[in-house]
Amino acid sequence: MCQSCYHCGEEVPVNTDFKVEILGQVRELCCPGCETVAQTIIESGLVSYYQYRTAPAEKANLVPEQLQALIHYDNQEVQNEFVRKSDQQSEVTLSLDGISCAACAWLIEKQLSHTAGVVQIRVNTTTNRALLIWNHTQTQLSTLLSAIHKLGYKAAPFEADQQEAAYHQMMKQYLYRLGIAGLATMQVMMLAVVLYLEVFGDLDPEFKNYFRWVSLIFATPVMLYSALPFYMNAWRSIRSKTLGMDVPVSIAMIFAYVASLIATVTEQGEVFFESISMFAFFLLVGRFLEMRARRKAAAASGNLLKLIPAMATTIEGEQTPVKSLQVGDKIRVLPGEHVPADGVITQGRVHIDESMLTGESVPVVKVIGDSVYAGTLNGEEAFVLEVSSSKADSMISNIVRLQDEAQLSKPKIAEIADVVARYFVGILLIIAAGTWFYWQKHQPDDAFWIMLAVLVATCPCALSLATPTALTCATSRMGNLGILLRKGHVFETLCKVNHLIIDKTGTLTHGDIEINDIRLFGQYSKQTALALAAALEAHANHPLARAFRPYLDSTIDIEAIENIIGSGVQGVYQNKAIKIGNAEFALSTHTDGKPNPEPNAIYLTLGDEHIATFYYQDPIRQEAVNFVEQFRSSGIKVTLLTGDSRQNAKLVADKIGIDTVISEAKPQDKLAYLQSCREDGVTMMIGDGVNDAPTLAGAHLSIAMGGGTDVAKASADMVLLGDRLDRILQARELALKTRRIIAENLAWSLGYNLLILPLAVSGLVAPYFAVVGMSASSIIVVSNSLRLLKEQGK
């Protein structure tokens, strides 16, 4: 039997779960609109409406209209563009409007984390974005967006163009507010000169009161319009029972205005209209400059998404929206165009500029079967692309998402600073009240001024900005270096590393292995031996396996193929066991005693017969010697950990200058070695293969080469997209500088508050100096963080 909505009386659709407790019972509702209205009625203390109503209410139109638009975000086709899904969980990056400090972020995180279905919510105050993960079987995205709206903030899925438009609109409003405050300040200050200095001689009381009324007229628009953002932020905080940074500022301005208004009406006491106007003007100047600086810090990752074009060209030459592309669609990418979607080349041989991903300006040659990524730049030849992922799952979107995640991570000292900043506002209000009571007894004429100075001067805005701005700038620089951060602890751990553990093939060497010689032992020809080896290696994902791809022969049929990671590949060919791999694996049953492996050799056996030995070459990376030397000179131990033979490992280690070599190590051996090193210090592992994945996952800090396997990259904390080892040196330098700048920011903000507080309480700081000091401290912290963006790549 269908149930009626308790609010409007309409039928409650199936598979919905909108409920509100009304008059002691949980009532079924038909939609988010009725749920929101009913909840508002209850929270406003108007539950008697439901007791005495004579008919159901009209169907709620999701008050207000913007809430109606949120339902569209539950549409599956709409979500495909920005929501990433796995099993029962969905993940989205949101743009937030109205966030001004760490208290805002804490409030949103606190409220939503207790909402049913929310797995995780993390807010970045620098980029005004949030990472939201929820269980889509328990709640809908529109419900969560509505919850954020009810807190007083606006939220929508992050889109670079829309956020930029919103930013410009907000900055335009700030300029309007700033202009009105500036004009009013100039006028009121002229009147203040007349009132306080009486430059025209003794003024009659009538003229003094006239100038006060004129000052009131100029100051009122400042209070009602220019200072509105501070009141809104303060009201959000108070309504949610928290204390944000704008609470003391708003209290100071409202107190000063009310006191001045009373003094003007009663013609008794002092007026503070010039202080009110100056407060608003200087605060808006500081907030305006701070927002511009934070925008500069946050723009880098968002700008990546702008490289994805809005339209794509179909095979027939027609234009189609990129957001409508589906996996499997084929499109044509014209010369000089940005690639519109991640995909695989199905026709053509082209040069692709991947500098936006890797930091390398030299175009990369791509042929049929190679992957290309959205936002990269096509060269001078057109090609056909088969779409392999949606925009939400594209490489660029993942980079932006992972950068946002990394920016949300904070060092422990910064987490303490955020807690201190939250409680400091409450302590500040108590100190301000105590200051007023003290000076009211000893010097009542100055008590109000001194209290205002305490409220404004000591607002801990700089303290809440100290870490997020630095991490945002540093993460942006990492992206410019071609390094993708996957975990948030990278900056903190990278500074502490004292043991570098590095793989050989594909890491210290290029991994572009070529077969340069073959030695035959049986009846099979060179062509057949290569074809057999290629058929086996086709089931492995290792640089050495890729060297055999040109020799694949579809007529070779090998059964029961098994990949023995760290050793080789085996199978059954013509009812005989066939193996390819290292000497210990492939020749163990073909020699008396332990096999004697040769350098840079791989062995192929069939049944009891040793068919061939393949000799290969893998050139060492040009920057590898300097890379290892730099780490060693910094006092960091370097170990070569490889599954290759001792001869091959020793050959590379001697050329590069590595003393400690662990060779012929299987994945479990690598992991065991790493675990034995963990107690002695902080380890950093660099690798690229499947056999490196367990070690990468188990290291304190792990880096996967961009050209390595997907398994390795999924296990790592960082991905080196351009495969240049010297970028890791620059990353470590950047991490050290980031730690230093965070420490400088925290030292400055804490030092400023500890210094200004006793001065303000003592009455030695004028209110206008307090405003300038508070704004300047925030700007200094943000500007200091922006120095990280000026680091030049080598």
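First residue of the sequence shown: 0, per numbering that gives the first Met the number 0; consecutive thereafter. Even glycine gets a Cβ: it sits at the ideal position worked out from N, Cα and C.
Alpha-carbon to alpha-carbon, residue j and residue i
i, j, result
"residue 139", "residue 85", "15 Å"
"residue 459", "residue 172", "25 Å"
"residue 422", "residue 388", "46 Å"
"residue 752", "residue 782", "18 Å"
"residue 491", "residue 482", "16 Å"
"residue 28", "residue 41", "14 Å"
"residue 682", "residue 703", "14 Å"
"residue 61", "residue 259", "The predicted position of residue 61 is uncertain, since its pLDDT is 42 and thus under 50; a value taken from the coordinates is nonetheless stated next. About 42 Å."
"residue 109", "residue 149", "14 Å"
"residue 717", "residue 626", "17 Å"
"residue 65", "residue 177", "Because the pLDDT of residue 65 is 48, which lies under 50, any placement of that residue in the model is unreliable, and the number read from its coordinates should be weighed accordingly. Residue 65 and residue 177: Cα-Cα distance of roughly 28 Å."
"residue 279", "residue 773", "13 Å"
"residue 788", "residue 743", "16 Å"
"residue 242", "residue 325", "47 Å"
"residue 745", "residue 457", "15 Å"
"residue 793", "residue 431", "Only weak support exists for where residue 793 lies, its pLDDT of 42 falling under 50; the value from the coordinates is given anyway. In a straight line, the C-alpha of residue 793 is about 51 Å away from that of residue 431."
"residue 219", "residue 771", "22 Å"
"residue 441", "residue 24", "58 Å"
"residue 726", "residue 630", "13 Å"
"residue 313", "residue 26", "52 Å"
"residue 14", "residue 49", "26 Å"
The beta strand (DSSP E) enclosing residue i, as first and last residue numbers
i, result
"residue 134", "128–134"
"residue 668", "Taken as a continuous stretch (DSSP letters only), residue 668 belongs to no beta strand (DSSP E), being part of the alpha helix (DSSP H) at 666–677."
"residue 156", "153–156"
"residue 615", "608–616"
Buried/exposed call for residue i, threshold 16 Cβ in 10 Å
i, result
"residue 167", "exposed"
"residue 199", "Its pLDDT being 49, under 50, residue 199 is placed unreliably by the model, and the measurement read from it follows with that caveat. So residue 199 ends up on the exposed side."
"residue 341", "buried"
"residue 675", "exposed"
"residue 592", "Note that residue 592 scores 49 on pLDDT, short of 50, meaning its location in the model is unreliable; the coordinates nonetheless yield the value given after this. Classification of residue 592: exposed, given that the 10 Å Cβ count is below 16."
"residue 526", "exposed"
"residue 632", "exposed"
"residue 6", "buried"
"residue 265", "exposed"
"residue 112", "exposed"
"residue 721", "buried"
"residue 175", "exposed"
"residue 568", "buried"
"residue 501", "buried"
"residue 436", "exposed"
"residue 607", "exposed"
Cutoff 8 Å; reference residue i; Cβ partners in own chain excluding five residues on either side
i, result
"residue 557", "531, 534, 535, 570, 571, 572, 577"
"residue 372", "338, 341, 353, 356, 393, 394, 395"
"residue 369", "343, 344"
Beta-carbon contacts of residue i that lie in its chain and below 7 Å, excluding the five residues immediately before and after
i, result
"residue 620", "507, 508, 509, 724"
"residue 63", "Below a pLDDT of 50, predicted positions are generally treated as unreliable, and residue 63, at 43, falls in that range; the measurement from the model is reported next regardless. Taken in chain order, the list of residues that qualify is empty."
"residue 645", "662, 663"
"residue 321", "307, 308, 309, 310, 311, 339, 340, 390"
"residue 680", "497, 498"
"residue 715", "485, 695, 701, 702, 703"
"residue 382", "332, 344, 346, 347, 349"
"residue 586", "594, 602, 604, 609"
"residue 190", "210, 213, 214"
"residue 188", "273"
Contacting residues, own chain, Cβ-Cβ under 6 Å from residue i (five flanking each side not counted)
i, result
"residue 786", "none"
"residue 797", "Examination of residue 797 is not possible in this model, given that the chain is present from 0 through 793 alone."
"residue 693", "666, 670"
"residue 659", "638"
"residue 512", "542, 543, 546, 615, 617"
"residue 735", "494"
First and last residue of the uninterrupted alpha helix (DSSP H) at residue i
i, result
"residue 729", "725–760"
"residue 148", "140–149"
"residue 232", "227–238"
Review point. Are at least three pairs of beta-carbons, each pair with one atom in the region 424–443 and one in the region 231–249, less than 8 Å apart?
Key: yes
Exercise for review: Inspect the CB distances between the region 148–156 and the region 112–123 and report whether three or more fall short of 8 Å.
Suggested key: no
Point to revise | Contact between the region 488–503 and the region 450–467 (3+ Cβ pairs under 8 Å) | key: no
Exercise for review: Say whether the region 650–669 touches the region 511–528, bearing in mind that this needs 3 or more beta-carbon pairs closer than 8 Å, one atom from each stretch.
Suggested key: no
Review point. Touch check for the region 88–98 and the region 129–146: three-plus C-beta pairs under 8 Å?
Key: yes
Review point. So, do the region 176–185 and the region 230–238 have three or more beta carbon pairs nearer to each other than 8 Å?
Key: no
**Study point:** the region 440–457 / the region 756–768 touching (three or more Cβ pairs under 8 Å)
**Key:** yes
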